[in-house]
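First to last, the sequence lines map onto chains Y, W, C and F. First residue of the first sequence: 1, per our numbering; consecutive thereafter. First residue of the second sequence: 1001, per our numbering; consecutive thereafter. First residue of the third sequence: 2001, per our numbering; consecutive thereafter. First residue of the fourth sequence: 3001, per our numbering; consecutive thereafter. C-beta: ideal position from N, C-alpha, C; glycine also. First the structure, in the form of structure tokens, and then the observations on it.
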Amino acid sequence: MFKIECKVDAEKKIKIFYVDGELDIQSAKTLKSEVMDLIESTGWTYELNMDQVAYLDSSGLGMLVYLKKEITRHNGKLRIVKLNEPVLNVFKLTKLDDFFEIS
Amino acid sequence: MFKIECKVDAEKKIKIFYVDGELDIQSAKTLKSEVMDLIESTGWTYELNMDQVAYLDSSGLGMLVYLKKEITRHNGKLRIVKLNEPVLNVFKLTKLDDFFEIS
Amino acid sequence: MFTYFQTIKVENYGSKRRLHDRIKQLIEELPADATYMKMHVQGNSETLALIRRVIVACVQHLDLGAALLNDIKLATTEACTNVIKHAYKFNDAMSFDLEIVTSDEVFVVEVFYHDPDFVPANIPVPNLNEIKEGGLGVFIIRNIMDHVDYSTEEDSGRVRLQMVKILKLRD
Amino acid sequence: MFTYFQTIKVENYGSKRRLHDRIKQLIEELPADATYMKMHVQGNSETLALIRRVIVACVQHLDLGAALLNDIKLATTEACTNVIKHAYKFNDAMSFDLEIVTSDEVFVVEVFYHDPDFVPANIPVPNLNEIKEGGLGVFIIRNIMDHVDYSTEEDSGRVRLQMVKILKLRD
Ligand SMILES: Nc1ncnc2c1ncn2[C@@H]1O[C@H](COP(=O)(O)OP(=O)(O)O)[C@@H](O)[C@H]1O
Ligand SMILES: Nc1ncnc2c1ncn2[C@@H]1O[C@H](COP(=O)(O)OP(=O)(O)O)[C@@H](O)[C@H]1O
Chain Y
1 MFKIECKVDA EKKIKIFYVD GELDIQSAKT LKSEVMDLIE STGWTYELNM DQVAYLDSSG
61 LGMLVYLKKE ITRHNGKLRI VKLNEPVLNV FKLTKLDDFF EIS
Chain W
1001 MFKIECKVDA EKKIKIFYVD GELDIQSAKT LKSEVMDLIE STGWTYELNM DQVAYLDSSG
1061 LGMLVYLKKE ITRHNGKLRI VKLNEPVLNV FKLTKLDDFF EIS
Chain C
2001 MFTYFQTIKV ENYGSKRRLH DRIKQLIEEL PADATYMKMH VQGNSETLAL IRRVIVACVQ
2061 HLDLGAALLN DIKLATTEAC TNVIKHAYKF NDAMSFDLEI VTSDEVFVVE VFYHDPDFVP
2121 ANIPVPNLNE IKEGGLGVFI IRNIMDHVDY STEEDSGRVR LQMVKILKLR D
Chain F
3001 MFTYFQTIKV ENYGSKRRLH DRIKQLIEEL PADATYMKMH VQGNSETLAL IRRVIVACVQ
3061 HLDLGAALLN DIKLATTEAC TNVIKHAYKF NDAMSFDLEI VTSDEVFVVE VFYHDPDFVP
3121 ANIPVPNLNE IKEGGLGVFI IRNIMDHVDY STEEDSGRVR LQMVKILKLR D
């Protein structure tokens, strides 16, 4: 069971994605296409709320790298928030905790 | 993980057992000895609160039949409350829903 | 609260014979994408919780709902409890095997164990009007599964208990 | 929040050679009460969630705690993802096998699959300073498991990936 909800704040130009489930190769594809469909032409911030994500692997990380590059190409910003400890550990292990803006 | 907690109301002569976990042959033994240790000589009510029991099988039922007989022998009453649907179904299937005082 | 999935009972299927033929066919013609799981476990009662957890994993994967989950957990635990209690008399140096085969159509659980003295036909049918502390396990299994079959290998003393739950019928 | 169980790393064990000898010995001398689990599953990405659920069942049974659970889930998923992606190129008519063996001392996961062209020595080591979208799976496996071994059978094209987590050491 993998779910994504998106809240848009048009004034502040923020889209918040609430991700719920395990991020493996299957769900990573889903998340990627959901976010890609909602990327605006310029200047928006995209926040991934990972509070309900207890599992993430290299397929999930790869998808996040791709998203960050795409969003940057559209002059946007990607923010990843509320990482759980096991998920944060995967970022640290692969030294991607510096590349991403996480909190 | 199987846990039992017991609350005693000496005035009303009631002991309430909060059972938490799955009732199979292993945990049934535990529950049986816990209750047996606390049976008073006469006139008490013993309530098993099964709110946190999502699984019960014939070993659990057999233990309850034994307890009911023992408690009756000590002029006590056994009351079983807060049965979940899957657990209640096992009582019904074996026609023991009439034998026990359940609610 | 619980969605009971339609499981095929004799009533819905003409005769017991026909239902069993259909089940046999279903098991023999398992689709290529069936999932097989085999476990080799110790014959002690701690194992029962592990087995239920594995059943939960399989059932959740098939997205079968709480009622079917409970039936399959219950039947499997009853079966394994009997192995531990009757066949192995709580000697936990003994071990047994469990096989779970699932497809979209059937959920099959098989328990393999050693009991040269076991005669399935001798399992008593309980009288539900007499309240006793035991004798309900096999009754429960037979009542909640769609197909239950004990078979014994005389030479080796190996017993196979096969339990089948039909999830949906083809054609 | 997470209790990291002491797993034995090279540092604590003198040399890599000695650690590996110890691990080999541990696996070869599995106690009689070890639990074995075998799965035969389809090579599609839906299977990964089922496999994680079975891992959860085994880990909870051993009462190992969240950190070890996550490591074993992660390494196993990475391994199976590679089978599906690289060996089978997302052809889900293919299937593979998984074996889990656990005792008080070790948690062993083995993945068996078909890939006649696979040369384990050719797996690139990633440069973590270059940010790329891939190439981290095997790195993760090697970093979180205590022992990782790829072996190939030339004739059959069968590959075995063995991953071991040590739970505690006998002396
Ligand atoms: N696996 C088995 N091996 C040997 N005997 C068995 C087995 N399963 C059931 N039996 C016999 O059938 C009887 C009924 O079993 P069951 O309905 O599970 O109730 P109980 O275990 O409470 O006696 C048992 O008492 C036993 O004699
Ligand atoms: N099971 C496998 N079969 C064939 N090739 C593999 C397998 N596992 C890994 N590889 C090779 O090793 C490389 C690195 O794998 P990995 O670290 O998992 O990263 P990624 O899968 O993102 O490429 C792969 O690109 C592939 O060439």
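{"Check": "To the nearest angstrom, report how far apart Val-1019 of chain W and Val-1008 of chain W are at their CA atoms.", "Outcome": "15 Å"}
{"Check": "Pull out every residue of the stretch 2039-2050 of chain C whose Cβ sits closer than 9 Å to any Cβ of chain F, in chain order.", "Outcome": "Met-2039, His-2040, Val-2041, Gln-2042, Asn-2044, Glu-2046, Thr-2047, Ala-2049, Leu-2050"}
{"Check": "Shortest alpha-carbon distance to Val-1035 of chain W belongs to which of W:Lys-1069, W:Ala-1054, W:Glu-1085, W:Ser-1058?", "Outcome": "W:Lys-1069"}
{"Check": "Less than 8 Å between CB atoms is the rule here; does Asp-2104 of chain C satisfy it with respect to chain F?", "Outcome": "no"}
{"Check": "At the 8 Å Cβ level, is Leu-2973 of chain F part of the contact set with chain Y, yes or no?", "Outcome": "Because chain F spans 3001 through 3171 in this model, residue 2973 of chain F falls outside it and cannot be assessed."}
{"Check": "What span of residues does the alpha helix (DSSP H) with Ala-28 of chain Y cover, start to end?", "Outcome": "25-37"}
{"Check": "Spatial neighbours of Ser-1059 of chain W within its chain, please: C-beta separation below 7 Å, excluding the five flanking residues on both sides.", "Outcome": "Asp-1024, Ile-1025, Ala-1028"}
{"Check": "Just curious, the alpha helix (DSSP H) that Asp-2021 of chain C is in, first and last residue?", "Outcome": "2016-2028"}
{"Check": "Using a Cβ-Cβ cutoff of less than 6 Å, which residues in the same chain neighbour Trp-44 of chain Y once the five nearest sequence positions on both sides are dropped?", "Outcome": "Lys-13, Gly-76"}
{"Check": "For Phe-2096 of chain C, which of F:Arg-3017, F:Leu-3161, F:Arg-3022, F:Ala-3032 has the nearest alpha-carbon?", "Outcome": "F:Ala-3032"}
{"Check": "Which one or two residues does DSSP pair with Gly-2162 of chain C in a beta bridge?", "Outcome": "The sequence given here places Gln at residue 2162 of chain C; Gly does not occur at that position. Its beta-bridge partners are C:Glu-2110, C:Asp-2149."}
{"Check": "Would you call the stretch 3046-3056 of chain F and the stretch 3118-3127 of chain F touching, i.e. three or more CB-CB distances under 8 Å?", "Outcome": "no"}
{"Check": "Against Gly-1062 of chain W, what residues of chain C qualify as contacts under a CB-to-CB distance less than 7 Å, listed in chain order?", "Outcome": "Glu-2133, Gly-2134"}
{"Check": "With a threshold of 8 Å between beta carbons, is Val-90 of chain Y in contact with chain F?", "Outcome": "yes"}
{"Check": "Check the Cβ-Cβ distances between Thr-2077 of chain C and every residue of chain W, and say whether any is below 8 Å.", "Outcome": "yes"}
{"Check": "Nearest chain Y C-beta to Ile-3100 of chain F closer than 8 Å, yes or no?", "Outcome": "no"}
{"Check": "I need the boundaries of the alpha helix (DSSP H) containing Leu-3167 of chain F, first residue and last residue.", "Outcome": "Unbroken run through Leu-3167 of chain F: none, as it is neither H nor E."}
{"Check": "Which residue or residues does DSSP assign as beta-bridge partners of Arg-1079 of chain W?", "Outcome": "W:Glu-1047, W:Glu-1101"}
{"Check": "Could you check if Pro-2124 of chain C belongs to the surroundings of ligand 1, using beta carbon to heavy atom distance under 7 Å?", "Outcome": "yes"}
{"Check": "Rounded to whole angstroms, what is the Cα-Cα separation between Leu-2161 of chain C and Asp-2092 of chain C?", "Outcome": "20 Å"}
{"Check": "For the alpha helix (DSSP H) that contains Asp-2984 of chain F, what are its first and last residues?", "Outcome": "The requested residue 2984 of chain F does not occur in the structure, where chain F is confined to residues 3001 to 3171."}
{"Check": "Give a yes or no on whether the minimum CB-CB distance between Ile-3140 of chain F and chain Y is below 8 Å.", "Outcome": "yes"}
{"Check": "What is the DSSP secondary structure of Val-65 of chain Y, counted as helix, strand or coil?", "Outcome": "helix"}
{"Check": "Helix or strand or just coil, what does DSSP make of Gly-2134 of chain C?", "Outcome": "coil"}
{"Check": "Output yes or no for whether 8 Å exceeds the beta carbon distance between Met-3163 of chain F and Val-3101 of chain F.", "Outcome": "no"}
{"Check": "If the cut-off is 7 Å on Cβ atoms, which residues from the stretch 1051-1083 of chain W count as contacting chain C, listed in chain order?", "Outcome": "Tyr-1055, Asp-1057, Ser-1058, Ser-1059, Leu-1061, Gly-1062, Val-1065, Tyr-1066"}
{"Check": "Residues of chain C with CB closer than 8 Å to the CB of Ile-1025 of chain W, please, in chain order.", "Outcome": "Ser-2045, Leu-2048, Thr-2081, Ile-2084, Lys-2085"}
{"Check": "Give every residue of the same chain whose Cβ lies closer than 7 Å to the Cβ of Tyr-2113 of chain C, excluding the five residues on either side of it in the sequence, and list them in chain order.", "Outcome": "Val-2083, Ala-2087, Phe-2096, Val-2159"}
{"Check": "Cα-Cα, which of Y:Thr-30, Y:Ser-103, Y:Thr-42 is closest to Ala-10 of chain Y?", "Outcome": "Y:Thr-42"}
{"Check": "Going by alpha carbons, who is nearest to Asp-3104 of chain F out of F:Ser-3015, F:Ala-3034, F:Arg-3018, F:Phe-3118?", "Outcome": "F:Ala-3034"}
{"Check": "Once the 5 residues before and after Tyr-2004 of chain C are set aside, which same chain residues still bring their CB inside 7 Å of it?", "Outcome": "Residue placement at Tyr-2004 of chain C is flagged as unreliable, the pLDDT there being 33, under the threshold of 50; a coordinate-derived value is accordingly withheld."}
{"Check": "Can you find a heavy atom of ligand 2 that lies under 7 Å from the Cβ of Ser-58 of chain Y?", "Outcome": "yes"}
{"Check": "Kindly list, in the order they appear in chain C, the residues whose Cβ is closer than 7 Å to that of Lys-1095 of chain W.", "Outcome": "Leu-2128"}
{"Check": "Say whether chain C places a C-beta atom closer than 8 Å to the C-beta of Phe-1017 of chain W.", "Outcome": "no"}
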